[in-house]
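A.B. asks:
In UniProt numbering, the protein residues as written are 1 to 210.
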């Protein structure tokens with residue numbers, strides 16, 4: 001049987017200089033140092049601009065982790081459109097754009113649009129030509145206040161709403177969470193099949209009446 005996936009290779013009889021074909025990871029600590037030095041060099045090079053811009057909030061997938069939010073890849077085109085920022089302009093002011101992502105909920109769209117608007121309101125834009133500032137560039141007084149931000153831009157935090165202690169009701173005691181979730185999932189999966197059956201039954205009744 002051929003080896004499958006990333007398991008141990010059984011009874012290996014190697015030829016063809018197999019040592020050269022083994023992937024190693026000995027450079028991991030050095031790569032970490034190199035990435036850190038590159039980030040520091042970039043921060044010095046682009047000062048007083050922040051080393052990285054804001055990143056969109058995404059909710060973790062699967063039932064196990066979907067109560068938590070984390071940083072995503074980039075803002076979707078719909079979020080940029082609602083926030084009033086052009087996708088080409090966004091990349092020039094430090095906003096990462098992910099054209100593949102689609103918004104599946106209104107909550108995530110509103111949260112990220114609010115994030116973009118807040119970032120845009122706090123942003124100090126330096127004019128390309130100091131002698132000829134364009135529309136949207138910051139004033140001379142604001143430019144004097146500019147300092148480079150250290151750390152992540154608009155840190156993402158998981159906020160938990162605390163509830164006061166209260167007596168558990170009888171309805172809550174009898175509620176079966178797992179069974180309710182399974183039933184809801186089953187109903188969602190069988191919705192189309194059940195609708196089709198109802199439609200076919202109605203058509204058969206019409207034919208019988210004829």
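We treat Cβ as the ideally placed atom computed from N, Cα and C, and that holds for glycine.
Keep in mind that this is a model prediction, so the values were computed, not measured.
(1) Enumerate, from N- to C-terminal direction, the unbroken beta strand (DSSP E) stretches of 3 or more residues contained entirely within the segment 51-126.
(2) Ignore the nearest five residues each way along the sequence and tell me which others in residue 138's own chain have a CB closer than 6 Å to its CB.
(3) Along the alpha helix (DSSP H) that carries residue 183, what are the first and last residues, could you check?
(4) Can you have a look at residue 107 and say buried or exposed, based on whether 16 or more other CB atoms are within 10 angstroms of its CB?
(5) If you pair each beta-carbon of the segment 44-63 with each one of the segment 147-156, do three or more pairs fall below 8 Å?
(6) Just the C-alpha distance for residue 210 and residue 202, rounded to the nearest angstrom, thanks.
(7) Quick check: the Cα distance between residue 68 and residue 105, rounded to an integer number of angstroms?
(8) Check each candidate in 96, 131, 174 and name the one with the smallest Cα separation from residue 119.
(9) For residue 101, is the classification buried or exposed, using 16 other Cβ atoms within 10 angstroms of its Cβ as the cut-off for buried?
(10) In the DSSP assignment, the alpha helix (DSSP H) including residue 28 goes from what residue to what residue?
(11) Just to confirm, are residue 148 and residue 23 a CB contact at a threshold of 8 Å?
(12) Would you kindly report the start and end of the unbroken alpha helix (DSSP H) that includes residue 174?
(13) Is it buried or exposed for residue 85, if we count other Cβ within 10 angstroms and need 16 for buried?
(14) Are the beta-carbon atoms of residue 142 and residue 112 separated by less than 8 Å?
(15) Per DSSP, what kind of secondary structure is residue 196 in: helix, strand or coil?
(16) Suppose the cutoff is 6 Å on Cβ atoms and the five residues either side in sequence are ignored; what does the same chain contact list for residue 117 look like?
C.D. replies: Taking the geometry as given:
(1) 57-59, 69-71
(2) 124, 125
(3) 177-189
(4) exposed
(5) yes
(6) 13 Å
(7) 16 Å
(8) 96
(9) buried
(10) 28-46
(11) no
(12) 170-174
(13) buried
(14) no
(15) helix
(16) 83
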